[in-house]
Amino acid sequence: MFQALGVHGPVLTPFASALMDIALVSLAFVFFVGGSRTNRMTMGMLATLVVAISALRVLMQPLPNVQPLTVAALLVGAHLGARRGVAFAILATLLSNLLISHGWWTLFQAAGWSLVALIGARANLVQNNQLQLPRLAVLSVVSALLFGFVSTLSLVTSTMTPSAFMVLLGQGLPFDVVHALGNLVFVVWMAPSLHHFLSGLAASENELLAVGEVYGIDA
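FYI, this note's numbering numbers position 176 of the sequence shown as 581, with every residue one higher than the one before it.
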């Protein structure tokens, strides 16, 4: 499965890379359709959001470690729940990495952003339909550090000592700080509009599901 150890971790063979892609897409599908019924509008709008955030991440690529996906994952988790937050995180990571740089590290980045989405789903970021911006700002900073830790795990080898791993984390700390500062900018710039979009999507879905339950149809 592994051909060599590269800068971002083991280099996968084409077959192993294909298996990883299939596994990630399948996992995202399971999380997306699991739980309560999912209507076609929600699937379409969430897919549109995946493409939009992925495109924004690609456009931001010249800025080192500026990651709009982190704040987006927090908000999708907060509005649409843990399952769809994880599905969004996996698909957006995979799509954007296919355009930027795809490999073994994609698995760890998807895991990191999935964890961020889970945090968003549990953090009460939306209360009485109001976005709690201060709380979101704090969590966006914490999430940047957490994501940095998880993504660094892609570089761990069987021969790496704990002290070497700590050095590795220290080397990545400046990039994590940039990630955190970028997140604060996205909280101010992007979060209110994304909150409005996701609030409307969640409300529309609830109405459609309620109608489906009354008339016995699949929304």
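Glycine included, each C-beta is placed from N, C-alpha and C at the ideal position.
Proximal residues to residue i (C-beta, below 7 Å), its chain only, five neighbours per side dropped
i      : result
Gln466 : Ile505
Pro419 : none
Leu573 : Thr557 and Leu560
Range covered by the alpha helix (DSSP H) that runs through residue i
i      : result
Pro567 : Pro567 to Trp594
Met465 : Segment: none, Met465 is in no alpha helix (DSSP H) and carries neither H nor E.
Gln514 : Trp509 to Arg527
Pro539 : Leu538 to Thr557
Thr498 : Ala487 to Leu504
Ser431 : Pro419 to Val438
Separation of residue j from residue i, as counted between CA atoms
i      : j      : result
Phe493 : Gly577 : 25 Å
Ser568 : Leu558 : 14 Å
Gln537 : Leu512 : 30 Å
Phe580 : Pro469 : 7 Å
Thr566 : Leu551 : 21 Å
His601 : Ala607 : 10 Å
Ser563 : Thr447 : 43 Å
Ala626 : Gln514 : In this structure the chain extends from 406 to 624, so residue 626 is not present and cannot be described.
Ser422 : Thr498 : 15 Å
Ser548 : Ala487 : 15 Å
Thr647 : Ser609 : One cannot answer for residue 647 here, as it falls past the ends of the chain, which runs 406 to 624.
Ala457 : Val438 : 21 Å
Met571 : Arg540 : 29 Å
Gln575 : Gly449 : Checking the sequence, you will find Gly at residue 575 rather than Gln. Using only the alpha carbons, I get a separation of about 41 Å.
Gly621 : Arg445 : The pLDDT assigned to Gly621 is 44, lower than 50, so where the model puts this residue is not dependable; a value taken from the coordinates is nonetheless given after this. Answer to the nearest angstrom: the Cα atoms are 16 Å apart.
Neighbourhood of residue i by C-beta distance below 8 Å, restricted to the same chain and skipping five residues each side
i      : result
Ser604 : His484, Val531 and Asn534
Val463 : Ser501, Leu504 and Ile505
Leu461 : Pro473
Cβ pair residue i, residue j closer than 8 Å
i      : j      : result
Gly525 : Gly482 : yes
Leu589 : Ala522 : no
Leu503 : Ala528 : no
Leu500 : Ser459 : yes
Val546 : Ala585 : yes
Leu491 : Phe436 : According to the sequence as given, residue 491 is Val; it is not Leu. A contact, by the Cβ cut-off of 8 Å.
Leu496 : Val555 : no
Leu451 : Arg489 : yes
Val471 : Val593 : no
Residues of its chain near residue i, where Cβ-Cβ distance is below 6 Å and the 5 sequence neighbours each way are ignored
i      : result
Leu599 : Leu480
Gly553 : Gly577 and Asp581
Ile427 : none
Phe591 : Pro473 and Val476
Any C-beta of chain C under 8 Å from that of residue i
i      : result
Phe493 : The chain inventory of the structure shown lacks chain C, comprising one protein chain alone.
At least three beta-carbon pairs within less than 8 Å, the segment 509-529 to the segment 471-487: Yes, they touch.
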